[in-house]
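J.:
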Amino acid sequence: MSLLLSPVKIANLELNNRVVMSPMCMYSVQKRDGVLEPFHFVHYGARALAKVGMVITEATAVLPNGRISDRDLGLWNEEQADKLSELVDWLHSFGTKVGVQLNHAGRKAEDAEIVSAPSLLQYSADYSKPHELDRPEIKEIKAAFVKAAERAQRAGVDMLEIHGAHGYLLDQFLSALTNHRTDEYGGSLKNRYRLVHEIVTEIRARFNGSLWIRLSLTDYDETGVQNTIDDWKQVGKWLEADGIDLIDVSTGGLINKAPNLPVHDGYQTPFATELKAAVSIPVSTVGLLDNPGLCEYILQNHQADLILEGRALLRNTNWLSDAAKQLHDHDFKAYNGSYQRGQK
Ligand SMILES: Cc1cc2nc3c(=O)[nH]c(=O)nc-3n(C[C@H](O)[C@H](O)[C@H](O)COP(=O)(O)O)c2cc1C
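Numbering-wise (my numbering), the sequence shown opens with residue 7 and increments by one.
1) State the beta-bridge partners of GLU138 as determined by DSSP.
2) Between which two residues does the beta strand (DSSP E) holding THR291 run?
3) For ASN109, which of helix, strand or coil comes out of DSSP?
4) Measuring alpha carbon to alpha carbon, tell me which of LEU108, GLY59, ARG210 and LYS282 ends up nearest THR102.
5) For THR257, does the count of other Cβ atoms within 10 angstroms reach 16, so buried, or fall short, so exposed?
6) For a minimum of 3 consecutive residues, which ranges assigned as the beta strand (DSSP E) are wholly contained in the stretch 207-292?
7) Should MET165 be counted as a contact of ligand 1 given a C-beta to heavy atom distance under 8 Å?
8) How is ALA67 classed by DSSP in three states: helix, strand or coil?
9) Give me the Cα-Cα distance between PRO265 and THR224, rounded to the nearest whole angstrom.
10) Give me the Cβ distance between ILE205 and LEU217, rounded to the nearest whole Å; I'm assuming they're in contact under 8 Å.
11) Can you tell which of VAL163, GLY72 and GLY173 has the C-alpha that lies nearest to the C-alpha of ASN233?
12) Is it buried or exposed, ASP271, if we count other Cβ atoms within 10 angstroms and call 16 or more buried?
13) Select from VAL61, ASN262 and LEU221 the residue whose C-alpha is nearest the C-alpha of HIS98.
14) In terms of alpha-carbon separation, which member of ARG113, TRP96, GLU85 and SER34 lies closest to ASP76?
15) Between MET60 and ligand 1, is the CB less than 8 Å from at least one heavy atom?
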């Protein structure tokens with residue numbers, strides 16, 4: 007049996023295999039009310055039927071103005087939570103675990119009436135000028151993350167991932183490139199980490215499931231201002247102490263800049279491996295991991311503990327089934343006997 011397709015336990019979370027559907031915004035909430043629609047049940051259900059170890063839903067906003075677009079999912083009210091509870095039951099019925107990625111887009115909110123950020127720094131000319139958050143507003147956002155986590159708990163969600171990557175609000179706080187504050191939320195790395203720390207510890211105290219965070223370990227910045235890998239290792243240690251169960255390592259999105267390194271299969275994995283050496287909790291990797299053989303190599307060589315698949319699963323719902331064939335993993339069990347015949 008391959009490692010990729012064999013079960014794994016992350017703290018108390020048991021997954022049937024090490025393939026997790028990466029959070030991917032579908033921008034498909036037609037009613038613009040943040041509530042899951044039939045599309046989402048089919049979209050996520052198809053991946054559950056195809057046996058991903060866990061589905062992570064797309065970035066789900068904790069406040070209306072925290073949406074990337076007004077077609078995003080939300081978790082700021084009970085109607086959204088009730089529908090999420092239905093989705094969780096639906097995906098559980100296929101034997102798949104369910105994670106929800108909680109987000110506030112900050113200065114990258116495209117349709118928000120009020121765009122907010124740690125500092126008055128625009129993402130690019132195509133984005134709105136943000137308003138600088140004051141302390142009461144930071145408190146409101148923190149409370150919104152915690153309330154959304156409580157709703158997720160009631161909905162039966164197995165895992166919550168805090169979106170601390172790709173230049174959204176928490177990432178904006180973490181980096182000196184986007185955080186020029188002079189209060190206790192800006193300045194030193196510890197101060198820039200403060201909001202994440204407060205959100206993580208408050209959620210940890212209330213949410214019984216697995217708690218993950220996604221981070222961008224480089225901003226492709228060449229001015230010397232971005233967090234260094236040593237800074238991220240320090241953040242990783244703080245996150246571990248604060249009760250995070252897994253760090254999901256990605257890159258980019260904070261500033262309007264393309265990668266300054268070759269973008270090839272597994273190009274983000276070295277960042278995960280570096281962080282893994284500094285923490286005791288598991289670390290996942292994502293990004294151009296379409297080749298199952300490469301995924302298996304990464305796991306066998308302890309470069310990361312879990313594989314997140316994004317676009318490969320958009321192209322090919324049955325990526326796992328094909329991976330089993332390529333890896334000669336005859337133990338992989340498709341959803342039922344009829345699908346199993348596709349393995350022969
Ligand atoms: C359509 C689309 C939407 C995405 N939305 C999100 C998102 O909501 N949250 C997030 O953290 N990453 C998001 N991403 C990034 C993916 O989760 C993933 O990290 C990235 O696509 C690289 O992995 P891949 O090569 O397997 O696709 C999105 C990517 C795509 C293609």
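C-beta atoms are modelled at their ideal positions from N, C-alpha and C, and glycine is treated no differently.
T.: In this structure, then:
1) Translated into the one-based positions of the sequence shown, residue 138 becomes position 132. Beta-bridge pairing links GLU138 to ALA123.
2) Counted from its first residue, the sequence shown places residue 291 at position 285. Looking at the DSSP string, the run of the beta strand (DSSP E) that includes THR291 is 289-292.
3) Position 103 of the sequence shown holds residue 109. ASN109 falls in the strand class under three-state DSSP.
4) As a position in the sequence shown, residue 102 is number 96, starting the count at 1. Of the candidates LEU108, GLY59, ARG210 and LYS282, the one whose C-alpha sits nearest the C-alpha of THR102 is GLY59.
5) Residue mapping note: residue 257 aligns to position 251 of the sequence shown, counting from 1. Per the 10 Å Cβ criterion, buried.
6) Qualifying beta strand (DSSP E) stretches, in chain order: 216-222, 252-256 and 289-292.
7) Here the question's residue 165 lines up with position 159 in the sequence shown. Outside the cutoff, so no.
8) Taking the sequence shown and counting its residues from 1, one reaches residue 67 at position 61. Strand, per DSSP.
9) Numbered from its first residue, the sequence shown carries residue 265 at position 259. Numbered from its first residue, the sequence shown carries residue 224 at position 218. Looking at the two C-alpha atoms, the distance is approximately 9 Å.
10) Along the sequence shown, read from residue 1 onward, the residue named residue 205 stands at position 199. Along the sequence shown, read from residue 1 onward, the residue named residue 217 stands at position 211. With a contact defined as Cβ atoms closer than 8 Å, ILE205 and LEU217 miss out at about 10 Å.
11) Counting from one through the sequence shown, the residue named residue 233 turns up at place 227. Answer by Cα proximity: GLY173.
12) Stepping through the sequence shown from its first residue, residue 271 is reached at position 265. Counting Cβ neighbours within 10 Å, ASP271 comes out exposed, since fewer than 16 surround it.
13) As a working mapping, residue 98 is identified with position 92 in the sequence shown. Among VAL61, ASN262 and LEU221, the Cα nearest to that of HIS98 is on VAL61.
14) Residue mapping note: residue 76 aligns to position 70 of the sequence shown, counting from 1. Of the listed residues, the one whose Cα sits closest to ASP76 is SER34.
15) To locate residue 60, count along the sequence shown from 1; it is residue 54. No, since every heavy atom of ligand 1 falls outside the 8 Å radius drawn around the Cβ of MET60.
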